[in-house]
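Numbering (the working numbering), first residue to last: 165 to 552.
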């Protein structure tokens, strides 16, 4: 009887921080936190839980900011194929979080279709304009999940730049047309950019072109054939060469800088045209979301994402959360849809243990379709292992 009373009281002094990313295709980061919380409280009803959904700059970044208290702002912009869509950014005081995938992401293309040569980042530039109009003095520009490989030319055009062909006509949208570029004029870029701090937030540190550049590494994910990749790589190289004639050697330096190849080269456009500074996306977002004080309050941290694999270790949200928690001497566990890392790799990343959905439901398709209820069961198991 006494033991039962002790067990019921366990968790009362525990404070769990859930700082997980989305399970792509199944659950948003907010939903992940909600489901894990429900499972924890079935077993340890008195446990204190604080949810801080996180993102690394890719799709879901605005949602994470809104969950942390930012205001969601919606605006009509051009999608990657030029059709008008409603996209959102987040604003708190004079800080805006702008997610390029909101305007120019793969999810903005018709289901099952790709447009690797013609998709444009023009709408991302319109989102940045909306943030400027809202009074932003600091813009966290999260880039990832793009449908585009235009080097940010569309974005810069929306902000006032002019890219003309030999006949003085605007170059058509998309990376496939960059080889037609004859002259670039950045002099009419929105003057407010010179007094705004733009932070390029990404988990990608690839250069603009070459074997590790944006077209070669990420083009196939956007439907680019080998021939398309060659066209896009040559187009981006030409884009950088024309910009070098316009603004000097900085254009060539930015092309090989970390982050230039992010989101189809929009990182390059942000560096060369917006004066952006590059930082790993999860580091920026943890700062913006107020992770440090939340971490200080926690006794246990739960992070995670849809797939814990080798990519996770290279700048993804769970690795960033675990690194910060380990530095604060806080224990970290992870939830995921599938686990492709051995225990020793998890340990090196600062994650004590991972709980994949596939341990409960081996059928991956059912894990995706029923991720919520299965994740609640995972939450129960975590509570049994760590809270009672």
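Glycine residues also receive a C-beta, built at the ideal position from the N, C-alpha and C atoms.
Does DSSP put residue i in a helix, in a strand, or in coil?
{"i": "residue 464", "result": "strand"}
{"i": "residue 470", "result": "strand"}
{"i": "residue 234", "result": "coil"}
{"i": "residue 502", "result": "strand"}
{"i": "residue 545", "result": "helix"}
{"i": "residue 219", "result": "coil"}
{"i": "residue 254", "result": "strand"}
{"i": "residue 497", "result": "strand"}
{"i": "residue 278", "result": "coil"}
{"i": "residue 352", "result": "coil"}
{"i": "residue 372", "result": "coil"}
{"i": "residue 171", "result": "Because residue 171 sits at a pLDDT of 42, beneath the cut-off of 50, its placement in the model cannot be relied upon, and the point is left open."}
{"i": "residue 341", "result": "helix"}
{"i": "residue 457", "result": "helix"}
{"i": "residue 402", "result": "helix"}
{"i": "residue 511", "result": "helix"}
Mark residue i as exposed unless 16 or more other C-beta atoms lie within 10 angstroms of its C-beta, in which case mark it buried.
{"i": "residue 358", "result": "exposed"}
{"i": "residue 532", "result": "buried"}
{"i": "residue 240", "result": "exposed"}
{"i": "residue 168", "result": "Since pLDDT at residue 168 reaches only 39, below the 50 mark, its modelled position is unreliable, and the value read off the structure follows with that caveat. Flag for residue 168 reads exposed."}
{"i": "residue 520", "result": "buried"}
{"i": "residue 370", "result": "buried"}
{"i": "residue 460", "result": "exposed"}
{"i": "residue 543", "result": "buried"}
{"i": "residue 198", "result": "buried"}
{"i": "residue 189", "result": "exposed"}
{"i": "residue 447", "result": "buried"}
{"i": "residue 178", "result": "buried"}
{"i": "residue 288", "result": "buried"}
{"i": "residue 409", "result": "exposed"}
{"i": "residue 224", "result": "buried"}
{"i": "residue 483", "result": "buried"}
What are the residues that DSSP puts in a beta bridge with residue i?
{"i": "residue 444", "result": "366"}
{"i": "residue 330", "result": "None; residue 330 has no bridge partner."}
{"i": "residue 269", "result": "310"}
{"i": "residue 241", "result": "249"}
{"i": "residue 411", "result": "Residue 411 pairs with nothing; no bridge assigned."}
{"i": "residue 179", "result": "212"}
{"i": "residue 302", "result": "259 and 361"}
{"i": "residue 420", "result": "Bridge partners of residue 420: none, in fact."}
{"i": "residue 550", "result": "None, per the DSSP bridge assignment."}
{"i": "residue 187", "result": "191"}
Quick check on the DSSP output: the alpha helix (DSSP H) that includes residue i runs from which residue to which?
{"i": "residue 206", "result": "193–207"}
{"i": "residue 321", "result": "317–322"}
{"i": "residue 297", "result": "286–297"}
{"i": "residue 490", "result": "481–491"}
{"i": "residue 388", "result": "From DSSP, residue 388 is part of no alpha helix (DSSP H); its letter is neither H nor E."}
{"i": "residue 428", "result": "426–437"}
{"i": "residue 379", "result": "378–382"}
From which residue to which residue does the beta strand (DSSP E) around residue i run?
{"i": "residue 348", "result": "347–349"}
Inset, instruction - Identify every run of the beta strand (DSSP E) within the segment 513–538, keeping only runs that are complete inside it and at least 3 residues long; order them along the chain. - result: Complete beta strand (DSSP E) runs here, min 3: 517–520.
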